[in-house]
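Notes to accompany the following structure.
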Amino acid sequence: MVVGARIVLIVLGEPKRDRQSERRTATRREIIDAAWQVARDKGLAQVTLRDVADLVGMRPPSLYTHFASKNAIYDAMFGDAWTQFREYSKAAEAGEPRTSRAAMRYYARVFFDFAVEFPARHQLMNLRTIPDFTPSPEAYAPSMAVMEDFIARMARHGVTGRDDIDLFVAIVSGMVDAQLANDPGGQRWSGLLDRGINMFADNVGITNERSRA
Numbered sequence: 044m045v046v047g048a049r050i051v052l053i054v055l056g057e058p059k060r061d062r063q064s065e066r067r068t069a070t071r072r073e074i075i076d077a078a079w080q081v082a083r084d085k086g087l088a089q090v091t092l093r094d095v096a097d098l099v100g101m102r103p104p105s106l107y108t109h110f111a112s113k114n115a116i117y118d119a120m121f122g123d124a125w126t127q128f129r130e131y132s133k134a135a136e137a138g139e140p141r142t143s144r145a146a147m148r149y150y151a152r153v154f155f156d157f158a159v160e161f162p163a164r165h166q167l168m169n170l171r172t173i174p175d176f177t178p179s180p181e182a183y184a185p186s187m188a189v190m191e192d193f194i195a196r197m198a199r200h201g202v203t204g205r206d207d208i209d210l211f212v213a214i215v216s217g218m219v220d221a222q223l224a225n226d227p228g229g230q231r232w233s234g235l236l237d238r239g240i241n242m243f244a245d246n247v248g249i250t251n252e253r254s255r256a
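Residue numbers (the working numbering): 44 to 256.
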């Protein structure tokens, strides 16, 4: 027995929260959401620091403590958009058909519906509509992850050629652009999507009978 010894109890708990960092992250999220709202209401090119600041209850100069410029906000939106789509497409994997031709149509529909649901978001993700804006490597990374996921999905159904992947992307993207430009809110090119993908499947030799392992 040790008499007079000091016993030190160390209580292990959660690390101390960085509340300042949490508040900053939450404010940045609020600013990005506000920018998306302006883009939805007025168009992507019409996003202004003043409108964004008004929505979040800030003075415009205060935004510069979170984003260095309007292009920095676009950059965050770009990364956010591709992150949204990756989550959307990952969730859709549960419904992927087993037959390859049906899977091709399914992949096309997942992207098409996401794109036409929010035209301004599609413009930022896939079209060069903002002068002097190029996404940073950090913002571009989610789009690369999406393409890697897509290539892996196509490979499961026997489509591995880079030219074939590019052709599929061009068909779907072109139909999205045609739908938004000529029949926004309608079904004209949406109704042709399956036919276009069937033509693609014919070209690369995918039959209804082929199914993934």
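Think of the CB as a built atom: it goes at the ideal place given N, C-alpha and C, for glycine as much as any other residue.
- Going by C-alpha positions, Q89 is about 41 Å away from R144.
- Bounds of the alpha helix (DSSP H) holding N114 are 113-135.
- In the DSSP assignment, L92 falls within the unbroken alpha helix (DSSP H) covering 92-99.
- For T250, no alpha helix (DSSP H) segment is defined, and its DSSP state is neither H nor E.
- When Cβ pairs closer than 8 Å are counted between the two stretches, the segment 100-115 is seen not to touch the segment 130-140, the count staying below three.
- Ranked by how close their Cα comes to the Cα of M190, the residues Y150, V219, L223 have Y150 in first place.
- The residues D118, F121, G122, in chain order, have a CB closer than 6 Å to that of A182 in the same chain once the five nearest residues on each side in sequence are set aside.
- DSSP places T108 in the coil class of the three-state scheme, outside both helix and strand.
- At a Cβ-Cβ threshold of 9 Å, Q222 and V159 count as neighbours.
- Taking a C-beta distance under 9 Å as the contact criterion, R148 and L235 do not qualify as a contact pair.
- At least 9 Å separates the beta-carbon of L87 from that of T142.
- Distance from the CA of R205 to the CA of R71, rounded to the nearest whole angstrom, comes to 37 Å.
- With respect to the C-alpha of P180, the residue from R93, A69, W125 having the closest C-alpha is W125.
- The three-state secondary structure of T177, taken from DSSP, is coil.
- The DSSP-derived three-state label of T203 is coil.
- Going by beta carbons, V215 and I249 fall outside the 9 Å limit.
- Rounded to the nearest angstrom, the gap between the Cα atoms of A213 and L106 is 37 Å.
- Inter-residue distance for D97 and I208 is about 43 Å (C-alpha atoms, whole angstroms).
- Taking Q166 as the centre and dropping the five residues before and after it, the same chain places the C-beta of L87, T172 closer than 8 Å to its C-beta, in chain order.
- Check the Cα spacing between D175 and each of F110, N114, D94: the tightest is with N114.
- Judged by DSSP secondary structure, Q89 falls outside any alpha helix (DSSP H); it is assigned neither H nor E.
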